[in-house]
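For the protein sequence lines, the chains are A and B, in the order given. The numbering of the first sequence is the numbering used here, which starts it at 4 and goes up by one. The numbering of the second sequence is the numbering used here, which starts it at 17 and goes up by one. Using N, Cα and C, we set each Cβ at its ideal position, and we do this for glycine too. Since this is a predicted model, take the numbers as computed values, not measurements. Here's the structure we're looking at; comments come further down.
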Amino acid sequence: MQLGWFPGVRIRQTSAEEYGQIYVPFVNWTMMAFTVALTVGFGSSDRLAGAYGTAVSTTMVLTTALLYHVMRNRWQWSLYQAAAVIGVLLAVDLAFFSANLLKISEGGWIPLTFGVLVFIIMTTWHYGVEAMHRRNAARSQQPTEFFARLRSDNVVRVPGTAVFLTRLGNAIPPIIVNYVTRVRSLQETVIALTVSFEDVPRVQSKDRVRIEELDDGFWHVTVHFGFVEIPDLPAVLTLAKKDGVPVLDEASYYIARDDLSGRKHRNPLSRWRITLFSFMSRNSAHAIDRFKIPSSALVEIGRRIEL
Amino acid sequence: MPTSTVSTLNAPTDSTGVAQNRFAQPATATTGLLALGIVYGDLGTSPLYTLQTIVHFMGDQFTPEAALGSLSLIFWALIITISIKYCFFVMRADNQGEGGILALMTMTDARWFGRGRWLIIAGLFGAALIYGDGIITPAISVLSAVEGLNVATSIFKPYTMPFAVVILVGLFAIQSRGTGAVGKTFGPVMFVWFATIAILGVIGIVHHPHVLAATNPVYGAQLVMNHGFLGFTVLGGVFLALTGGKRFTLTWVTSGETQSALPGIASCCRLSSLITLVRSVISWKHLTWKQTRFSNSHPIGRFIHWLHLQRLPPSSPAKPSLPVRSP
């Protein structure tokens, strides 16, 4: 799976045996709607053939261009070698590409337009996600700095267990930093929980959790799930408890819910893209919805993020 | 499909780098059949409309020489694009089990924010466009198959389009059971289909061995050269034979079934060459029929009518006998 190029859509794994057989209802039904519309609109395969091929012939030209780059830079081919092979392939590709350009008025514009729409969605999503990651990274804090602040500010440790769902990288994520800044206290047991999906159907129980104590009462737990498993987080905590994390039964789960707003952009294009991105972000499926978190123990922390 | 499995923003992803255990499955006949249904289904249905479109484009200029020429163009287009470009080069670009244009894009090490943004744009736009034609593929395949029924009986003629819509909705509904389920259902059907066209092809070769002349690229070149602009337009029709090859450009197929089912690029090429051969041979049958019946009244109309006979899916009960030899 290529990461980060498409909004989160609700998916369903349809096979417990093989990775890659996923079913994306949204994509499936969208494709169906368009396919049926084309069938009704064109009515016969003769006319539909006129619209067919423009998009893929463009893809083939682009594939050849990328192939040249890979040959030269990855496979270390000499210029003559690569140019000779690519020359032949490109000649064929371009012949078909230009012949297909003639079909644009006969309906060839339909697949091209559809492709452009998908492209806009993918790049906007990527652009937005990347921008949010940068913003998150900017608001994160280095662990040493963070733990030093816990002591110097005399942040009170109150009884209880807090589980923050994060993708903890090298730094303490903004959700925890903000929480401490605002509340000026922290639970005695804090777990930064990272959920990771592997490309196997089920993860063996010995590989399920990895626990690391970062500081006094501050743990980083990484839990691995297979792609057919429904993440049961309370059960994970039970596992963690066995491994020595002092988890209390009434753990609270904290997750961040981001609300996007565009700053006043001079460029109307980027303003429009931000609007599209926040629309997709609001409507995309949240992986957290699949986790078995008891709703009474869940605390969502909303944040406004300006892009 | 290049859709990420989970919302990239909200799903904490692996930052620790765990051993990624991919499934190493032995290639079996079953998985091979599965791949046939998923990967090659597309490749196998394009003869349904490729030649018909070429005939449609050329009108009364579709002479026996032109037929041999288009056959030659199809043959060489498939060899160069599918067998050489995709099977040999593109599928060799293997990025952790994923192939295709997105794997190529990843292998260039380009970044959206950073070096080589145009490579990312090329890769993404190319992948996005596959969805563009992807909405036509089911429509055109099902429509042309249903239109084939009109030849056997005209009862269904007014219902061709609604009938096609019903089949399409059914097919998309089955998708919800997974590509594995789809492959299991259509793998055997496609196997019968390929076997049928292969047998017909061999019969065709035996009767008219000179069809193999189409392997000579000169005929194709002549077709393009001698017809000026029309020859150029015909390339658009020839390309329809390649649209099935886009399966090789998508990532999701190469990640699972193809890899486990086909124990290597070689077999993939062999299969595609076989299909190439089979397909060109079928086309030859059209040609011979055309040669013998050309003097009849409304030859093109009858030819297209006969083409419809060819387009019956293998499961259709009403398959008429095929006029291999001149009647």
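Contacts with chain A at 9 Å (Cβ-Cβ) do not include B/Pro-174.
The stretch 239 to 250 of chain B makes contact with the stretch 70 to 78 of chain B: 3 or more CB pairs, one atom from each, lie closer than 8 Å.
Counting C-beta pairs with one atom in each stretch, the stretch 250 to 265 of chain A and the stretch 117 to 129 of chain A have fewer than three that are closer than 8 Å, which means they do not touch. Counting the other CB atoms within 10 Å of its CB gives A/Thr-116 a total below 16, which places it among the exposed residues. Not a single CB atom of chain A sits nearer than 9 Å to the CB of B/Pro-233. Closest option to A/Val-193, judged by alpha-carbon separation, among A/Asp-49, A/Ser-101, A/Phe-167: A/Phe-167.
Chain-order list of chain A residues neighbouring B/His-243: empty, with the shortest C-beta distance near 12 Å, by a criterion of under 8 Å. At a C-beta separation below 7 Å, A/Phe-117 has these neighbours in chain B: Tyr-147, Gly-148, Ile-151. Contact check for A/Ala-52 and B/Ile-156: beta-carbon distance about 6 Å, within the 8 Å limit, so the pair qualifies.
Interface residue (Cβ-Cβ distance to chain B less than 9 Å): A/Pro-114 is classified as such. Checking the DSSP bridge columns, you'll see B/Leu-145 has no partner listed. For the pair of segments examined, the stretch 117 to 131 of chain B was found to touch the stretch 72 to 90 of chain A: the number of CB pairs separated by less than 8 Å reaches three.
Secondary structure at A/Gln-190: strand, using DSSP grouped into helix, strand and coil.
Just measuring C-alpha positions, the residue of A/Arg-50, A/Ala-141, A/Leu-82, A/Leu-279 sitting nearest A/Ser-108 is A/Arg-50.
Of the other Cβ atoms in all chains shown, fewer than 16 fall within 10 Å of the Cβ of B/His-226; this residue is therefore exposed.
Buried is the label assigned to A/Gly-118, since at least 16 other Cβ atoms lie within 10 Å of its Cβ.
Within 10 angstroms of the beta-carbon of B/Tyr-65 lie 16 or more other beta-carbons, which makes it buried. Counting along the chain, A/Phe-99 sits inside the alpha helix (DSSP H) bounded by residues 82 to 104.
For A/His-136, the uninterrupted alpha helix (DSSP H) run begins and ends at 112 to 142, by DSSP. Contiguous alpha helix (DSSP H) elements confined to the stretch 147 to 173 of chain A do not occur, taking only those with 4 or more residues. Going by beta carbons, B/Val-254 and B/Ile-90 fall inside the 9 Å limit.
The stretch 195 to 224 of chain A contains, as complete beta strand (DSSP E) runs of 3+ residues, the segments 212 to 218 (chain order). The C-alpha of B/Gly-148 is placed about 34 Å away from the C-alpha of B/Glu-81. Secondary structure of A/Leu-301 (DSSP, three-state): strand. At least 9 Å separates the CB of B/Gln-77 from every CB of chain A.
Distances from the CA of A/Gly-163 to each of A/Arg-187, A/Glu-191, A/Gly-220, A/Val-30 were compared; the closest alpha carbon is that of A/Glu-191. If you compare the alpha carbons of B/Gly-132, B/Arg-133, B/Gly-142, B/Leu-135 with that of A/Phe-122, the shortest gap goes to B/Gly-142.
Using a Cβ distance threshold of 9 Å, A/Phe-228 and A/Ser-199 count as a contacting pair. Closer than 9 Å at the C-beta level to chain B, one finds these residues of the stretch 53 to 77 of chain A: Gly-53, Ala-54, Tyr-55, Gly-56, Thr-57, Ala-58, Val-59, Ser-60, Thr-61, Thr-62, Met-63, Val-64, Leu-65, Thr-66, Thr-67, Ala-68, Leu-69, Leu-70, His-72, Val-73, Met-74, Asn-76, Arg-77. The stretch 56 to 63 of chain A makes contact with the stretch 95 to 115 of chain A, as at least three CB pairs between them are under 8 Å. It is roughly 57 Å from the alpha-carbon of A/Phe-45 to the alpha-carbon of A/Leu-240. In the DSSP assignment, the residues bridged to A/His-227 are A/Ser-199. By alpha-carbon distance to A/Ala-68, the top candidate from B/Trp-209, B/Met-121, B/Phe-179 is B/Met-121. By the Cβ-count criterion, B/Val-234 is exposed, with fewer than 16 other Cβ atoms from all chains shown falling within 10 Å of its own Cβ.
A Cβ of chain B is located within less than 9 Å of the beta carbon of A/Val-88.
In the DSSP assignment, B/Leu-84 falls within the alpha helix (DSSP H) that extends over 80 to 93.
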